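Q:
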Amino acid sequence: MTWSTMFKAALLPAALAIAFGAFAQPGPTVDPLASSMAKLETELVATHGENVRPSLQRGLRQVSILWKPEDGDAATFENFVRKNFAADTSTRDELFKRLEAMFEQLDGHMLEIIREFRMQTDVELGPVLPVDHLFAGYNPSAHVADDFFANKIAFVVLLNFPLTTLDERLAQGDSWTRREWAEARLGQRFSRRVPAEVNQEISRVSSAADNYINGYNIWMHHLLDEKGIRLFPAKMRLISHWNLRDEIRANFAVPDAIEKQRMIQQVMERIVTQTIPQVVIDNPTVDWKPYSNTVAPAAVSDSDRAPSPAAVVTNTREPDTRYEHLLNQFNAVRKADPYSPAAPTLIARRFDENREIPEERVRAIFEQVLTSPLVPQVAALIQKRLGRPLEPFDIWYNGFRASGAYTEAELDPIVRKKYPNAEAYRADIPNMLVSLGFSKERAAVIADNIVVHPSRGIGHAFGAATRDEKAYLRTRVEKDGMNYKGYNIAVHEMGHNVEQTISLNEIDHTMLEGVPNTAFTEALAFVFQARDLELLGLAKPDARSRALATLGTFWGTYEIAGVALVDMNVWRWMYDNPDATPAQLRDATVQISRDIWNRYYAPVFGKRDVVLLGIYSHMIDAMLYLPDYPLGHLIAFQIEQQMERAGSIGPEFERMAKQGNLAPDIWMKNATGAPVGPEALLTATVTALKTVAQ
423 MTWSTMFKAA LLPAALAIAF GAFAQPGPTV DPLASSMAKL ETELVATHGE
473 NVRPSLQRGL RQVSILWKPE DGDAATFENF VRKNFAADTS TRDELFKRLE
523 AMFEQLDGHM LEIIREFRMQ TDVELGPVLP VDHLFAGYNP SAHVADDFFA
573 NKIAFVVLLN FPLTTLDERL AQGDSWTRRE WAEARLGQRF SRRVPAEVNQ
623 EISRVSSAAD NYINGYNIWM HHLLDEKGIR LFPAKMRLIS HWNLRDEIRA
673 NFAVPDAIEK QRMIQQVMER IVTQTIPQVV IDNPTVDWKP YSNTVAPAAV
723 SDSDRAPSPA AVVTNTREPD TRYEHLLNQF NAVRKADPYS PAAPTLIARR
773 FDENREIPEE RVRAIFEQVL TSPLVPQVAA LIQKRLGRPL EPFDIWYNGF
823 RASGAYTEAE LDPIVRKKYP NAEAYRADIP NMLVSLGFSK ERAAVIADNI
873 VVHPSRGIGH AFGAATRDEK AYLRTRVEKD GMNYKGYNIA VHEMGHNVEQ
923 TISLNEIDHT MLEGVPNTAF TEALAFVFQA RDLELLGLAK PDARSRALAT
973 LGTFWGTYEI AGVALVDMNV WRWMYDNPDA TPAQLRDATV QISRDIWNRY
1023 YAPVFGKRDV VLLGIYSHMI DAMLYLPDYP LGHLIAFQIE QQMERAGSIG
1073 PEFERMAKQG NLAPDIWMKN ATGAPVGPEA LLTATVTALK TVAQ
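Here it is, written out as structure tokens:
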């Protein structure tokens, strides 16, 4: 995941956010300014000529909608327009350049402050003090939007540059110049006027949820089966959901490891249903039997922590904390809804503005995969390869990858030797980029813009927003070195960092910095992650391995599409039940998870009412982020196909990333020749099944 993209899309106020659609908050009626607008139109057209009328009319309307009584009376409004309307092309060009330069500095330094304020909670730098959480939850940019409306910089933008609707961008964007796209993104920065206290509250509760998830570890050596047997090695500490899921994946390559996978599934279900004992979360001083749900003081020690007193070792469940954090975020973002009448819910803002792909189309894309007749065919192949009936955790089957030749136990020492610390990984980035087809010169330049840190949580990419700053890669690095899980995540986050570096430093307009939406940056990161073993020198692609990779992508998309629908339906439920308690939200989430499973997965797996689709941590700490993953898989596959056709990764990656933040279908058509969709993956899966069957 890329933390900075999430931040800019979800937490920053309108003055710093990108890809927000055009709409206006409810405000004073236009009537008090109507006569002033008519007078100004007559006066300025007489002064500057008839050709300014369309842009002047648009600017007057955009300013008047967001102008409040406290911004000034009619005379103030008139004086502001006379002084700030850029009537001629040269003045407007100079204004655009000035605004673009200033906003780059503002965005960059605000993001730098946020990164530094989060450093202690994000990176393994020693103990976290209570004050560190306060700094991490503080958003120094929360008041910027208010300030820019108060000092009227926002109104300068609205007077001179267009607010566009999603329909306009989709219908007309193909014919726009890059400058026109940059102006559209500039206008979107001030498309709403959300109070600073609302932005700050969103930032605070989001940071609290992030901290909760970052500390959600399970000490695996302290899981016991009903016979009291420990199935996992000492010191294994896995964060939910990422490491738990990846441990299931890792054990597909281990003979007779099915009991481990079943136990992890049980742990996951306890987390989703909140029947997990509170005392076992990130606690190596107790033992836990997940099936009977009993706990006891640890009979063995594999950490430096003091044993828990017997009196506090109970199986009292976690008190719906998971859903309390989700509900807190819902209640915070709902306070922004009245200021977004054209996108009056976070759901609408996420799809129409952040993703610029309507929710109905996204649902249709996911259902096209979930209901594909290819699903039972791939499932049958998996069952044949496993030599047993499918079980629910097989939704994470990864045996189609070339890594099937290696167990995680075999990969861990290889990775530890190569990367004993974060600095060793950073030093190897240029070599990895060259292996991916970047020239030595470009690899050196890009690598010089990436800093690597040992992450306290699962890992993330924290990009820059100004060209004199670097991108930050965070992944887990244990005391004895990076293990395979940490390495796999690092390669993914490196993909984010490379995209972030190119789409900021190599682009013509910083207003177009980035890619169309989070799914695209995930897609580009997937391109890197899929080659993690190649970068270790352990695998080389051939026709069969590419076919297997296609089947893996299809199965992974099938899995995460259902997860995304759970996320989407949970947010729908919260908006339908705005006064819900955490317990009610828990019950609803569990039921939604079961319903999605029963509809799309039970016919394949032969078991109903499974709740595993509700385990993803991003549902709790990232506010409707999960749909970006299946979209990212589909986009990544289209990108991969284009790279195969071109015969290279590095140059194609750079060419695509340099497009910047255009509308998704326009970006994709420029990159691959076709809009976003599942057709390429579905067609390739048919061929892959035939290849593997040979």
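Each residue of the sequence shown is one higher than the one before, starting from 423 at the first, in our numbering.
Where a beta carbon is used, it is the ideal one built from N, C-alpha and C, also for glycine.
Bear in mind that the values here come from a model prediction, so they are computed numbers and not experimental data.
#1: Can you have a look at Ser457 and say buried or exposed, based on whether 16 or more other CB atoms are within 10 angstroms of its CB?
#2: Which same chain residues, not among the five before or five after Leu585, have their C-beta less than 6 Å away from its C-beta?
#3: Looking only at its own chain, which residues have a Cβ that is under 8 Å from the Cβ of Phe429, when we skip the five neighbours before and after it?
#4: Pull up the distance between the alpha-carbon of Glu956 and that of Lys907, whole angstroms please.
#5: Quick one, are the C-beta atoms of Leu1103 and Leu1048 less than 7 Å apart?
#6: Go through its chain and collect everything with a Cβ distance to Tyr1051's Cβ below 7 Å, but skip five positions before and after it.
#7: Could you tell me the boundaries of the alpha helix (DSSP H) in which Phe884 lies?
#8: Assuming Gly1036 contacts Thr1011 under a Cβ cut-off of 8 Å, what Cβ separation, rounded to an integer in Å, is found between them?
#9: Whole-angstrom Cβ separation of Glu522 and Thr888, contact assumed at under 8 Å?
#10: Would you decide whether Ser512 is buried or exposed? Buried here means 16 or more other CB atoms lie within 10 Å of its CB.
#11: Hey, could you find the ends of the beta strand (DSSP E) Trp641 is sitting in?
#12: Using only alpha-carbon positions, find the residue among Arg772, Thr707 and Ile698 that is nearest to Thr743.
#13: Report the option in Ile911, Gly879, Met1065 and Gln1116 whose CA atom is closest to the CA atom of Arg966.
#14: Assign Arg1000 to buried or exposed, taking buried as 16 or more other Cβ atoms, counted over all protein chains shown, within 10 Å of its Cβ.
#15: Hey, quick one: how far does the beta strand (DSSP E) through Leu895 stretch, first residue to last?
#16: Report the residue from Gly917, Gly903 and Asn910 whose alpha carbon sits nearest the alpha carbon of Tyr894.
#17: Using a Cβ-Cβ cutoff of less than 8 Å, which residues in the same chain neighbour Arg994 once the five nearest sequence positions on both sides are dropped?
#18: Report all residues from its chain with a CB closer than 6 Å to the CB of His1196; omit the five preceding and five following residues, and keep chain order.
#19: Which same chain residues, not among the five before or five after Pro448, have their C-beta less than 8 Å away from its C-beta?
#20: Within the same chain, show all residues whose beta-carbon is closer than 6 Å to that of Met996, passing over the 5 residues directly before and after it, in chain order.
#21: Relative to the C-alpha of Ala1085, which residue among Leu973, Val1098 and Gln700 is closest?
#22: Taking all protein chains shown into account, decide if Thr1107 is buried (16 or more other Cβ within 10 angstroms of its Cβ) or exposed.
#23: Run the CB neighbour count on Leu547, radius 10 Å, all protein chains shown included, and call it buried at 16 or more, exposed below.
#24: Please list the segments of the alpha helix (DSSP H) lying wholly inside the segment 488-536, counting only runs of 4 or more residues, in order along the chain.
#25: I'd like to confirm the pairing. Which residues does DSSP put opposite Ser563 in its beta bridges?
#26: Beta strand (DSSP E) containing Ala718: first to last residue?
#27: What does DSSP give as the partner residue(s) for Lys711 in the beta ladder?
#28: Can you name the start and end residues of the alpha helix (DSSP H) that Ile1014 belongs to?
#29: Since Asp1043 and Asp632 should fall inside the 8 Å C-beta cutoff, what is the C-beta to C-beta distance between them, to a whole number of angstroms?
#30: Assuming His400 is part of the beta strand (DSSP E), what are its boundary residues?
#31: Just the C-alpha distance for Asn665 and Thr972, rounded to the nearest angstrom, thanks.
#32: Quick one, which of Arg878, Val873 and Asp890 has its alpha-carbon nearest Phe884's?
#33: When you compare only the Cα positions, how much space is there between Asn910 and Lys682?
#34: According to DSSP, Pro699 sits in a beta bridge with which residue or residues?
#35: Name the one or two DSSP bridge partners that Gly903 has.
#36: Closer than 6 Å by C-beta to Ala1068: which residues in its own chain qualify, once you throw out the five before and the five after it? Chain order, please.
A: This is what the structure holds:
#1: Flag for Ser457 reads exposed.
#2: Taking C-beta separations shorter than 6 Å and ignoring five residues to either side along the sequence, the partners of Leu585 in its chain run Ala444, Gln484, Gly609 and Ser613, following chain order.
#3: In this predicted model, Phe429 has a pLDDT of only 43, less than 50, meaning its place in the structure is not dependable enough to derive any value.
#4: Cα to Cα, the separation comes out at about 15 Å.
#5: no
#6: Glu944, Ile982 and Ala986
#7: First-last for Phe884: Gly881 to Phe884, but that is the beta strand (DSSP E), not the alpha helix (DSSP H).
#8: 5 Å
#9: So it is not a contact: roughly 12 Å between Cβ atoms.
#10: exposed
#11: Asn639 to Trp641
#12: Nearest option by C-alpha distance: Ile698.
#13: Gln1116
#14: One point to set straight first is that residue 1000 is Pro, not Arg, in the sequence displayed. When all chains shown are included, Pro1000 counts as exposed.
#15: Ala893 to Thr897
#16: Gly917
#17: Non-local C-beta neighbours of Arg994 in its own chain, meaning closer than 8 Å and more than five positions away in sequence, comprise Ile769, ordered along the chain.
#18: Because residue 1196 is not part of the residues shown, which for the chain are 423 to 1116, the question remains open.
#19: Note that Pro448 has pLDDT 41, beneath the 50 cutoff, so the model's placement of it is unreliable and the number below is only indicative. Only Pro760, Tyr761 and Pro763 meet the Cβ criterion.
#20: Phe752
#21: Here the closest residue by C-alpha is Val1098.
#22: Classified as buried, Thr1107 has 16 or more neighbouring CB atoms from the shown chains inside 10 Å of its CB.
#23: exposed
#24: 496-506
#25: Answer by DSSP bridge pairing: none, since Ser563 is not bridged.
#26: Thr716 to Pro719
#27: Thr716
#28: Pro1004 to Tyr1022
#29: 5 Å
#30: Because the chain in this structure spans residues 423 to 1116, residue 400 falls outside the shown range and cannot be described.
#31: 23 Å
#32: Val873
#33: 21 Å
#34: Beta-bridge pairing by DSSP links Pro699 to Arg739.
#35: According to DSSP, which records beta bridges pairwise, Gly903 is partnered with Glu900.
#36: Glu1074
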